[in-house]
Amino acid sequence: MASIVKSALPLSASTLSYWASSSTVRALPRHAITSTSRGYRAGAGAGAGAGTARSKWTPMGAAVGVIAGVAVYQLATFSDPERNVIESKAAPPAEDGWTQALGDWKPPPRLHPDDPSLPARTRMANLVYSFQNHIISALEHAEGPNGARFYRDTWKRPNGEGGGVSAVLSEGKTFEKAGVLVSVIEGNLSKEAAMQMKSRGRDFGPAAVDGLRFFAAGLSSVIHPRNPHAPTAHLNYRYFEVSDKTGKVLSSWYGGGADLTPIYLYPEDATHFHSVLKSACDKHNPEYYPKFKKWADKYFWNTHREEGRGVGGIFFDDLDPPAPGTGDRDAVFRFVETCGSNFPAGYLPIVQKRKDTKFTEEEKRWQQLRRGRYVEFNLIHDRGTKFGLATPGARIESILVSMPLTARWEYMHKTKPGTRERQLEDALKNPQEWV
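Numbering (this note's numbering), first residue to last: 51 to 485.
Structure follows, in structure tokens:
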């Protein structure tokens with residue numbers, strides 16, 4: 051059977067060169083990320099552009115573990131570019147940039163024009179690569195003209211079963227570590243994974259669970275700023291298909307979400323982040339935000355610590371096309387598109403506002419302790435990370451990109467009443483409604 055992934059997003063050599071070039075991933079110009087809530091604005095204090103940077107592409111032949119259900123570590127079916135060094139161009143003039151205001155989102159530029167008549171897998175592969183460029187551009191812009199740039203590592207699965215691009219930034223001026231990973235992969239679905247999916251209500255019909263194939267396309271990003279007053283953020287959006295041996299799709303669904311993990315609580319930051327998410331949800335279904343916000347509070351709960359990982363966001367899974375209550379098979383795709391497109395508008399104004407805040411060694415130490423809790427959640431509770439680490443041949447480096455560069459654990463550490471550290475703990479133990 052021809053590779054499902056190869057048929058998903060055929061790229062010419064010239065197009066491959068286009069998306070491989072860091073000139074495609076342009077740093078944002080001096081832009082106006084604005085919000086009508088709390089006076090957020092990123093513009094005047096933003097850097098002028100990307101400057102010139104060098105980044106390496108290194109082909110990888112290792113297999114990847116599929117992160118089904120919660121996180122998919124993901125893409126590329128195309129010939130690996132030769133190892134090379136690419137220079138990124140300076141930022142375009144302001145009129146070439148984009149503006150994202152609360153309630154006024156704009157989709158990221160596409161590698162290929164979106165065509166609703168194409169299969170969902172093709173459209174999602176195009177979308178997640180476009181999201182990757184979109185987010186990298188925004189983060190490199192926040193780094194400023196002399197800041198760090200992303201290292202891009204392209205890899206592929208054996209037997210032509212897809213691959214991906216792992217983009218990682220380390221030791222930047224604004225971000226201590228950031229990862230933006232994308233993949234589009236296919237393969238044989240294990241019986242155990244199929245049974246787990248069926249236990250969630252997935253219906254594969256009369257097909258035997260030990261003879262199924264899967265297709266997965268998704269984007270995952272985790273961002274750890276340097277300043278303890280700027281919060282960590284995470285997003286993941288994915289599409290999953292299960293098919294029989296003939297290639298007939300038996301079940302398909304979307305999943306994803308985004309959440310915010312502050313080190314010091316600024317209620318206005320949490321309100322802004324949630325306002326953007328609510329705006330994105332409300333464009334498609336007014337029931338989405340309250341439902342998916344509640345789901346996020348439950349999912350991102352660090353059970354053994356009896357506290358949330360952060361101040362939440364949205365989380366959803368098993369969202370089938372067509373959207374519930376409609377006959378529009380394109381509705382869920384457009385919802386995912388809106389949420390991913392809005393992420394920079396929800397997060398970057400917070401970073402711009404907090405990244406230059408003065409901090410003490412004690413506040414940095416608190417950041418390291420909170421990052422330790424982040425690590426605990428990802429390794430103990432996150433279903434995607436656990437699935438990936440348990441998968442034979444998994445690409446461990448990509449799976450663990452979510453880990454912070456540094457973290458700390460202290461025996462029996464206690465916060466003091468009346469401190470900002472205790473304020474955060476109280477908020478994490480009692481999830482709130484931020485909008």
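Note that beta-carbon positions come from the ideal geometry of N, C-alpha and C, so glycine has one too.
Measuring alpha carbon to alpha carbon, tell me which residue in the options is nearest residue i.
i: residue 371; options: 365, 248, 360, 383; result: 383
i: residue 177; options: 167, 169, 160; result: 160
i: residue 422; options: 165, 274, 320, 234; result: 274
i: residue 479; options: 208, 204, 352; result: 352
i: residue 396; options: 331, 453, 406; result: 331
i: residue 417; options: 329, 209, 360, 483; result: 360
i: residue 279; options: 243, 272, 319; result: 319
i: residue 248; options: 301, 223, 228, 215; result: 301
i: residue 412; options: 469, 433, 391; result: 469
i: residue 474; options: 222, 272, 317, 269; result: 317
i: residue 246; options: 292, 341, 484, 476; result: 292
i: residue 228; options: 454, 445, 472; result: 454
i: residue 282; options: 342, 189, 162; result: 189
i: residue 343; options: 401, 482, 217; result: 482
i: residue 415; options: 440, 449, 463; result: 463
i: residue 425; options: 260, 402, 337, 449; result: 449
i: residue 350; options: 398, 389, 365, 399; result: 365
From residue i to residue j, what does the alpha carbon distance come to, in whole angstroms?
i: residue 226; j: residue 276; result: 5 Å
i: residue 295; j: residue 185; result: 36 Å
i: residue 241; j: residue 258; result: 9 Å
i: residue 419; j: residue 458; result: 5 Å
i: residue 461; j: residue 355; result: 14 Å
i: residue 290; j: residue 267; result: 7 Å
i: residue 251; j: residue 303; result: 12 Å
i: residue 262; j: residue 367; result: 20 Å
i: residue 404; j: residue 321; result: 15 Å
i: residue 118; j: residue 204; result: Residue confidence is low: residue 118 scores 32 on pLDDT, short of 50, so the model does not pin down where it sits. Its coordinate-derived value is still stated next. Taking the straight line from one Cα to the other gives about 21 Å.
i: residue 428; j: residue 408; result: 29 Å
i: residue 235; j: residue 212; result: 4 Å
i: residue 287; j: residue 406; result: 30 Å
i: residue 215; j: residue 231; result: 6 Å
i: residue 379; j: residue 272; result: 30 Å
i: residue 143; j: residue 298; result: With a pLDDT of only 29 at residue 143, under the threshold of 50, the placement of this residue in the model should not be trusted; the figure read from the coordinates follows. Spanning the two alpha carbons is a distance of roughly 47 Å.
i: residue 444; j: residue 430; result: 18 Å
i: residue 308; j: residue 476; result: 22 Å
i: residue 472; j: residue 313; result: 11 Å
i: residue 358; j: residue 339; result: 18 Å
i: residue 244; j: residue 197; result: 44 Å
i: residue 387; j: residue 465; result: 41 Å
i: residue 446; j: residue 456; result: 18 Å
i: residue 347; j: residue 284; result: 14 Å
i: residue 327; j: residue 207; result: 34 Å
i: residue 391; j: residue 164; result: 14 Å
i: residue 222; j: residue 191; result: 12 Å
i: residue 166; j: residue 179; result: 17 Å
i: residue 170; j: residue 410; result: 49 Å
i: residue 440; j: residue 432; result: 12 Å
i: residue 345; j: residue 437; result: 20 Å
i: residue 329; j: residue 209; result: 42 Å
i: residue 116; j: residue 175; result: Its pLDDT being 32, under 50, residue 116 is placed unreliably by the model, and the measurement read from it follows with that caveat. Cα-Cα distance, rounded: 15 Å.
i: residue 187; j: residue 162; result: 18 Å
i: residue 260; j: residue 233; result: 24 Å
i: residue 337; j: residue 467; result: 38 Å
i: residue 341; j: residue 389; result: 15 Å
i: residue 217; j: residue 398; result: 18 Å
i: residue 381; j: residue 402; result: 33 Å
Assuming residue i and residue j make a contact with CB atoms under 8 Å, what is their CB distance in whole Å?
i: residue 315; j: residue 363; result: Incorrect: roughly 15 Å between the Cβ atoms, too far for contact.
i: residue 237; j: residue 264; result: 6 Å
i: residue 219; j: residue 199; result: 7 Å
i: residue 393; j: residue 334; result: That belief does not hold up - the Cβ atoms of residue 393 and residue 334 are roughly 16 Å apart, past 8 Å.
i: residue 451; j: residue 324; result: In fact, because the Cβ distance is near 25 Å, the residues do not count as touching under 8 Å.
i: residue 182; j: residue 239; result: Contact flag wrong, Cβ pair sits at about 25 Å.
i: residue 172; j: residue 193; result: Actually they are not in contact, since the Cβ atoms of residue 172 and residue 193 sit about 33 Å apart, beyond 8 Å.
i: residue 369; j: residue 305; result: 6 Å
Since residue i sits in a beta bridge, which residues does DSSP pair it with?
i: residue 274; result: 227
i: residue 284; result: 272, 309
i: residue 351; result: 358
i: residue 206; result: 213
i: residue 318; result: DSSP, once it has assigned bridges, lists no residue as partnering residue 318.
i: residue 303; result: 290
i: residue 267; result: 234, 289
i: residue 364; result: 308
i: residue 239; result: 262
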